[in-house]
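*Asks:* Position one of the sequence shown corresponds to residue 1163 (my numbering), numbered consecutively onward.
Beta carbons: idealized from backbone N, C-alpha and C, even for Gly.
Please read these numbers as outputs of a predicted model, since none were measured by experiment.
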Amino acid sequence: MLDERKATILRAVVTEYIETAQPVGSGHVASSADVNVSSATVRNDMAALEAEGYLAQPHTSAGRIPTEKGYRFFVDQLGGPGKLGVTESQQVRSFFNRTHGEMEQMLSDTSRLLSSLTHYAAVVVGPQHEVATIKSVQLVSLSPRLVLAVLVLSSGSIEKHSFELAQDTDELVVNAAAVRLSSLIVGQTLASASTLDADALTLGESHEVAPILRTALSELRGEHRHDDQVFIGGTSDMVASFDAVRTVSEILRILEQQLVVVSLIEDVLDRGLSVAIGRETGNEALADCSIVVAPYVVDGETAGSIGVLGPTRMHYDQALSAVAVVANRLGRTLSEG
């Protein structure tokens, strides 16, 4: 652990470097309102911070820049997300008050909202399909032998399956089957509903309702898992944050690979982190990047995740606040349907 004076000096260096992207000299740090020691003392402490791995001295410059260890100390000292600014909070409220329609469009728009709040690339990973809870089910007669099953899931998704019956069936019978089906599967996850024993559950049902139930339940055993949906916004903002063309091209290549992006975010969350800095991301190509991530919760269950990707000298306090607030509002919106 650093003593308070060194911690204050390190925070001053990190804050200034984030703002300017230029090596920070001891004279500038000494003039900081929070640092009440001489330039000579600051120089000695900055040299000690370099020796301890918190700062580095690029080239022959007299100034220093933070290392991953320095950024990690800075982020840990923030103590988690702070409050989002008034303007940004209003922007989030306005967005979620007016957002409606298909879930895919909402998630895509959310990625652009998060990018506009942070000016970094934003990633929204859609809810995992198979763990979504069935909120309602309807059976609709399209013709005497054709029925449409409509499932509304807690993730906001709507599943539609049409199936044929062996014989002409009255619409009233289909409605009766819908009521019984609803009692069987509403509240269950899509995965658990697909394992129900149709034969056992239809014992005692009328000879008209039973075949409809068996066919509908059979449909649930089909392949329902969708590939993870990944929505990325603000890549142009992210590109502007880096000087090296090679770094930018590597990041863009990674962002094009949905499986890699999902695995990256899940790995960070699985390690209990909300921020991964440089090589903490586990991807060498992202050595100059940081990721701020958070899960969002739908009906009490973790449904998906969001995050921003930017340079290691990102504004961590703003990014943490924006990600936390947007994750919370997105989860609430999806829960309310």
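Closest by CA to T1272, which one among H1477, G1466, T1474, M1476?
*Replies:* One-based indexing of the sequence shown puts residue 1272 at position 110. Checked all of H1477, G1466, T1474, M1476; the closest Cα to T1272 is G1466.
*Asks:* Measuring only the C-alpha atoms, how far is L1240 from M1400?
*Replies:* Position 78 of the sequence shown holds residue 1240. Position 238 of the sequence shown holds residue 1400. Going by the C-alpha atoms only, they are around 23 Å apart.
*Asks:* Considering only the beta carbon of each residue, do S1324 and A1294 sit closer than 8 Å?
*Replies:* Within the sequence shown, residue 1324 is the residue found at index 162, counting from 1. Within the sequence shown, residue 1294 is the residue found at index 132, counting from 1. No; because the gap between Cβ atoms is not below 8 Å, this pair is not in contact.
*Asks:* Closest Cβ-Cβ distance between R1415 and chain D: below 8 Å?
*Replies:* Note that chain D does not occur in the displayed structure, where there is just one protein chain.
*Asks:* R1387 by DSSP, collapsed to three states: which one?
*Replies:* Stepping through the sequence shown from its first residue, residue 1387 is reached at position 225. At R1387, the pLDDT of 47 sits below 50, so the modelled position is not reliable and the matter cannot be decided from this model.
*Asks:* Going by DSSP in three states, A1372 sits in which element: helix, strand or coil?
*Replies:* Your numbering for residue 1372 matches position 210 in the sequence shown. In the structure shown, A1372 sits in a helix (DSSP, three-state: H, G or I).
*Asks:* The beta strand (DSSP E) spanning V1454 covers which residue range?
*Replies:* Sequence index remark: in the sequence shown, residue 1454 carries index 292 (1-based). From DSSP, the beta strand (DSSP E) with V1454 extends over 1451-1460.
*Asks:* Relative to the C-alpha of I1180, which residue among E1367, N1445, R1433, F1404 is closest?
*Replies:* Position 18 of the sequence shown, counted from the start, is the residue given in the question as residue 1180. That would be F1404, whose Cα lies nearest to the Cα of I1180.
*Asks:* Assuming L1276 and V1485 form a contact by the criterion Cβ under 8 Å, report the distance between their Cβ atoms to the nearest whole angstrom.
*Replies:* By one-based count along the sequence shown, residue 1276 stands at place 114. By one-based count along the sequence shown, residue 1485 stands at place 323. Going by Cβ atoms, the distance from L1276 to V1485 rounds to 7 Å, so yes, they are a contact pair.
*Asks:* G1215 lies in the alpha helix (DSSP H); which residues open and close that run?
*Replies:* As a first step, residue 1215 is located in the sequence shown; it is residue number 53 there, counting from the start. Taken as a continuous stretch (DSSP letters only), G1215 belongs to no alpha helix (DSSP H), as it is neither H nor E.
*Asks:* Unbroken alpha helix (DSSP H) runs of length 4 or more, entirely within the segment 1259-1346: which are they?
*Replies:* Qualifying alpha helix (DSSP H) stretches, in chain order: 1265-1280.
*Asks:* Going by alpha carbons, who is nearest to L1343 out of A1328, P1373, A1218?
*Replies:* For the purposes of this step, residue 1343 is taken as the residue at position 181 of the sequence shown. That would be P1373, whose Cα lies nearest to the Cα of L1343.
*Asks:* Buried or exposed, going by whether 16 or more other CB atoms sit within 10 Å of the CB of Q1480?
*Replies:* The count along the sequence shown starts at 1 and reaches residue 1480 at position 318. With 16 or more other Cβ atoms within 10 Å, it is buried.
*Asks:* Can you give the Cα-Cα distance for L1217 and Y1282, rounded to whole angstroms?
*Replies:* Along the sequence shown, one-based indexing puts residue 1217 at 55. Along the sequence shown, one-based indexing puts residue 1282 at 120. Roughly 24 Å between the two C-alpha positions.
*Asks:* Per DSSP, what are the beta-bridge partners of L1471 in this structure?
*Replies:* Here residue 1471 refers to the residue found at position 309 of the sequence shown. Bridge partners of L1471: A1283, I1453.
*Asks:* So what does E1463 bridge to, in DSSP terms?
*Replies:* Along the sequence shown, read from residue 1 onward, the residue named residue 1463 stands at position 301. DSSP lists V1460 as partners of E1463.
*Asks:* So if DSSP puts R1226 in a beta bridge, which residue, or which two residues, is it bridged to?
*Replies:* Looking up residue 1226 in the sequence shown gives position 64. Bridge partners of R1226: V1186.
*Asks:* Hey, would you say S1298 sits closer than 8 Å to V1314, going by beta carbons?
*Replies:* Numbered from its first residue, the sequence shown carries residue 1298 at position 136. Numbered from its first residue, the sequence shown carries residue 1314 at position 152. Against a cut-off of 8 Å, the Cβ pair of V1314 and S1298 comes out as a contact.
*Asks:* Does the contact criterion of 3 or more C-beta pairs under 8 Å hold for the segment 1251-1267 versus the segment 1456-1463?
*Replies:* Here the segment 1251-1267 does not lie against the segment 1456-1463, with fewer than 3 beta-carbon pairs under 8 Å apart.
*Asks:* To which residues of the same chain is T1364 closer than 7 Å at the C-beta, ignoring the five residues directly before and after it?
*Replies:* As a first step, residue 1364 is located in the sequence shown; it is residue number 202 there, counting from the start. Cβ neighbours of T1364 beyond the five flanking positions: A1372, L1375, R1376.
*Asks:* Report all residues from its chain with a CB closer than 6 Å to the CB of S1201; omit the five preceding and five following residues, and keep chain order.
*Replies:* Translated into positions along the sequence shown, residue 1201 becomes position 39. These residues qualify, in order along the chain: S1188, G1189, A1192.
*Asks:* Measuring only the C-alpha atoms, how far is P1185 from M1163?
*Replies:* Counting from 1 along the sequence shown, the entry for residue 1185 is found at position 23. Counting from 1 along the sequence shown, the entry for residue 1163 is found at position 1. One C-alpha to the other measures close to 24 Å.
*Asks:* Can you have a look at R1387 and say buried or exposed, based on whether 16 or more other CB atoms are within 10 angstroms of its CB?
*Replies:* For the purposes of this step, residue 1387 is taken as residue 225 along the sequence shown, with counting starting at 1. For R1387, the pLDDT reaches just 47, beneath the cut-off of 50, and the residue's location in the model is therefore unreliable, although a value from the coordinates is still provided. Exposed is the call here.
*Asks:* In three-state DSSP terms, what is T1177?
*Replies:* Residue numbering aside, residue 1177 sits at position 15 when the sequence shown is read from its first letter. Looking at T1177 - three-state DSSP - the assignment turns out to be helix.
*Asks:* Hey, would you say E1381 sits closer than 8 Å to A1311, going by beta carbons?
*Replies:* Reading the sequence shown from its first residue, position 219 is the one you call residue 1381. Reading the sequence shown from its first residue, position 149 is the one you call residue 1311. Yes. Within cutoff.
*Asks:* Could you give the first and the last residue of the continuous alpha helix (DSSP H) run that contains V1430?
*Replies:* Along the sequence shown, read from residue 1 onward, the residue named residue 1430 stands at position 268. Residues 1420-1432.
*Asks:* Give me whichever residues DSSP pairs with A1438 in a beta bridge.
*Replies:* For the purposes of this step, residue 1438 is taken as the residue at position 276 of the sequence shown. A1438 is bridged to I1453.
*Asks:* Would you please state the rounded distance, in angstroms, between the beta carbons of A1438 and I1453? I believe it to be under 8 Å.
*Replies:* For the purposes of this step, residue 1438 is taken as the residue at position 276 of the sequence shown. For the purposes of this step, residue 1453 is taken as the residue at position 291 of the sequence shown. About 5 Å separates the CB atoms of A1438 and I1453; that is less than 8 Å, so the two are in contact.
*Asks:* Evaluate Q1391 with the Cβ neighbour count: other Cβ atoms within 10 Å of its Cβ, from every protein chain shown; 16 or more gives buried, anything less gives exposed.
*Replies:* The count along the sequence shown starts at 1 and reaches residue 1391 at position 229. When all chains shown are included, Q1391 counts as buried.
*Asks:* With burial defined as no fewer than 16 other Cβ atoms inside 10 Å of the residue's Cβ, what is the status of T1249: buried or exposed?
*Replies:* To locate residue 1249, count along the sequence shown from 1; it is residue 87. Flag for T1249 reads exposed.
*Asks:* Run the CB neighbour count on S1368, radius 10 Å, all protein chains shown included, and call it buried at 16 or more, exposed below.
*Replies:* Residue 1368 sits at position 206 when you count from the first residue of the sequence shown. Exposed is the call here.
*Asks:* When you compare only the Cα positions, how much space is there between V1424 and A1183?
*Replies:* In the sequence shown, counting from the first residue as 1, residue 1424 sits at position 262. In the sequence shown, counting from the first residue as 1, residue 1183 sits at position 21. Going from the Cα of V1424 to the Cα of A1183 covers about 30 Å.
*Asks:* Near D1207, which residues of its chain fall below 6 Å by C-beta distance, leaving aside the five closest residues on each side in sequence?
*Replies:* The residue given as residue 1207 occupies position 45 in the sequence shown. Taken in chain order, the residues that qualify are K1168, I1171.
*Asks:* Would you decide whether S1436 is buried or exposed? Buried here means 16 or more other CB atoms lie within 10 Å of its CB.
*Replies:* Walking along the sequence shown from the start, residue 1436 turns up at place 274. S1436 comes out buried.
*Asks:* In terms of alpha-carbon separation, which member of T1177, L1301, G1225, N1259 lies closest to A1195?
*Replies:* Position 33 of the sequence shown, counted from the first residue, corresponds to residue 1195. The option with the nearest alpha carbon to A1195 is T1177.
*Asks:* Since T1351 sits in a beta bridge, which residues does DSSP pair it with?
*Replies:* The count along the sequence shown starts at 1 and reaches residue 1351 at position 189. Per DSSP, T1295.
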